[in-house]
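Participant: Numbering (the working numbering), first residue to last: 8 to 334. Where a beta carbon is used, it is the ideal one built from N, C-alpha and C, also for glycine. Right, I'll just put the structure down here and ask away after.
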Ligand code: CP
Ligand code: NVA
């Protein structure tokens, strides 16, 4: 499998075999890391990490993975560069492409990371856009495969704003890899029709099914995985909290939803999660709307914490696999 020089912008650009290759490579790199076996296969290279939105997992994963592979890592924070304000993406790409061997970008529209990739001349990796979060998908697939020993035929139910990066990306990942995907949400929160049509084509190849269900009991029935994400994403205005709470509270992952899934079902979350009052935003929402927990109850979150934090660790191993393969 030769993926050298390839960008990593959305899983749409990769075949199921290529996605499986990333997972196998990540599994191998995870084993090496746990056993203390050095894997500095990109010694002497340098990467740039551009973050126009904040991050804990993605940034740390790229930094640690970069260092483990023997590379120098430069982090550009949301305010610390000329990008966008004084310099176009095309010009930035042509500058950074001459200095670095690969570039990570987290920000707003998918067209920005596509443009960066067009002009950089080195591999560009999407660390999250409004539309997609492809590195998260590799971590999720790896976690699911580690837990269930397989991917095909499992039923993954995404509850929440399925129109945004996580809903879109999980639908693509499931369609490509043969999992049965359910978006369980109010109809206006379902992914857009064009993306659904594209995913239906992948599903024909993989044997996946795609369903869009408003009823929570129907949607969560016999699920293997219940998955959720924050109701308001980075970059969205605070004003949307009220409409999201009204629309999505019935889709909160709580004991009732978990009990309706299979006995062997697990809970997953890309994190960060609002499951208690230990965050600033969590407390603000509590003061304004009286809600102590949002997309997932604290009870469910803590019950499945081992899986959720394994999923977070897997961000690092899978991001390392992406860089190892494409550089
Ligand atoms: N899941 C995820 O992308 O986390 P960060 O926003 O912390 O990078
Ligand atoms: N939908 C969330 C995902 C965070 C990893 C956001 O974009 O903020």
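For residue 199, which residues does DSSP report across the bridge?
Facilitator: Residue 199 pairs with nothing; no bridge assigned.
Participant: Between which residues of its own chain and residue 171 is the CB-CB distance below 6 Å, once the five residues before and five after are set aside?
Facilitator: Around residue 171: 240.
Participant: Give me every residue whose Cβ sits closer than 7 Å to any heavy atom of the ligand CP, in chain order.
Facilitator: Residues flagged by the Cβ proximity filter: 61, 62, 63, 64, 65, 66, 135, 140, 143, 277, 278, 279 and 322.
Participant: Between residue 175 and the ligand NVA, is the CB less than 6 Å from at least one heavy atom?
Facilitator: Residue 175: no, Cβ never under 6 Å from the ligand NVA.
Participant: If you reduce the DSSP assignment to three classes, tell me which class residue 337 lands in.
Facilitator: Since the first residue of the chain shown is 8 and the last is 334, residue 337 is not available in this structure.
Participant: Residue 236: beta carbon under 6 Å from a heavy atom of the ligand NVA?
Facilitator: Flag set: Cβ of residue 236 near the ligand NVA.
Participant: Taking 7 Å as the cut-off, decide whether the C-beta atoms of residue 185 and residue 226 are in contact.
Facilitator: Cβ atoms of residue 185 and residue 226: not closer than 7 Å.
Participant: Express the C-alpha separation of residue 292 and residue 250 in angstroms, rounding to a whole number.
Facilitator: In a straight line, the C-alpha of residue 250 is about 13 Å away from that of residue 292.
Participant: Shorter than 6 Å, the distance from the beta carbon of residue 241 to the closest heavy atom of the ligand NVA, or not?
Facilitator: For the ligand NVA, at least one heavy atom lies less than 6 Å from the Cβ of residue 241.
Participant: Just verifying my parser: in three-state terms, what is the DSSP assignment at residue 176?
Facilitator: Residue 176: helix per DSSP, three-state reduction.
Participant: Among residues of its own chain, excluding the 5 on either side of residue 217, which ones have a beta-carbon nearer than 7 Å to its beta-carbon?
Facilitator: Excluding residues within five positions, the ones whose Cβ falls inside 7 Å are 178, 182, 188, 203, 206, 207 and 210.
Participant: Could you say if the stretch 261-270 and the stretch 280-287 meet the contact criterion of at least three C-beta pairs nearer than 8 Å?
Facilitator: Verdict: no, contact absent.
Participant: Go ahead and pull the three-state DSSP assignment for residue 29.
Facilitator: In the structure shown, residue 29 sits in a helix (DSSP, three-state: H, G or I).
Participant: What number of angstroms, rounded off, separates the C-alpha of residue 163 from the C-alpha of residue 9?
Facilitator: The straight-line gap from Cα to Cα measures roughly 30 Å.
Participant: Which runs of the alpha helix (DSSP H) spanning at least 4 residues fall entirely within the stretch 19-93, listed in chain order?
Facilitator: The stretch 19-93 contains these whole alpha helix (DSSP H) runs: 23-42 and 64-75.
Participant: Given a cut-off of 7 Å on the beta-carbon distance, is the pair residue 175 and residue 16 in contact?
Facilitator: No, these two residues do not count as a Cβ contact at 7 Å.
Participant: Would you mind sorting residue 199 into buried or exposed? The rule is 16 or more other CB atoms within 10 Å of its CB.
Facilitator: Exposed is the call here.
Participant: What residues match up with residue 191 in a beta bridge as DSSP calls it?
Facilitator: Partner(s): 166 and 220.
Participant: How many angstroms separate the CA atom of residue 114 from the CA atom of residue 28?
Facilitator: Whole-angstrom Cα-Cα distance: 27 Å.
Participant: Between which two residues does the beta strand (DSSP E) holding residue 233 run?
Facilitator: Element bounds for residue 233: 232-235.
Participant: Pick from 201, 230, 334 and 307: whose alpha carbon is nearest that of residue 138?
Facilitator: Nearest option by C-alpha distance: 201.
Participant: Is the distance from the Cβ of residue 230 to the Cβ of residue 193 below 7 Å?
Facilitator: Against a cut-off of 7 Å, the Cβ pair of residue 193 and residue 230 comes out as no contact.
Participant: Between the stretch 312-324 and the stretch 62-82, are three or more C-beta pairs nearer than 8 Å?
Facilitator: A contact exists between the stretch 312-324 and the stretch 62-82.
Participant: Considering Cα atoms alone, identify which of 103, 296, 223 and 277 is closest to residue 263.
Facilitator: Residue 223 is the option with its Cα nearest to residue 263.
Participant: Mind checking which residues open and close the beta strand (DSSP E) that includes residue 337?
Facilitator: This structure cannot speak to residue 337, because the chain is shown only from 8 to 334.
Participant: Is DSSP giving residue 248 helix, strand or coil here?
Facilitator: Of the three classes helix, strand and coil, the one that applies to residue 248 here is helix, per DSSP.
Participant: Hey, how far is the Cα of residue 219 from the Cα of residue 169?
Facilitator: Taking the straight line joining both Cα atoms gives about 10 Å.
Participant: Between residue 267 and the ligand NVA, is the CB less than 6 Å from at least one heavy atom?
Facilitator: Not so, every heavy atom of the ligand NVA lies at least 6 Å from the Cβ.
Participant: By the 10 Å Cβ neighbour count, where 16 or more other Cβ atoms means buried, how is residue 307 classified, buried or exposed?
Facilitator: So residue 307 ends up on the buried side.
Participant: Any heavy atom of the ligand NVA closer than 6 Å to the beta-carbon of residue 172?
Facilitator: Yes, since a heavy atom of the ligand NVA falls inside the 6 Å radius drawn around the Cβ of residue 172.
Participant: Given a threshold of 16 other Cβ atoms within 10 Å of its Cβ, counted over all protein chains shown, does residue 271 qualify as buried or as exposed?
Facilitator: Per the 10 Å Cβ criterion, exposed.
Participant: Among the candidates 135, 98, 89 and 154, whose CA atom is the shortest distance from the CA of residue 111?
Facilitator: The option with the nearest alpha carbon to residue 111 is 135.
Participant: With residue 336 as the anchor, note down where its beta strand (DSSP E) starts and where it stops.
Facilitator: It is not possible to answer for residue 336, since the shown part of the chain is limited to 8 through 334.
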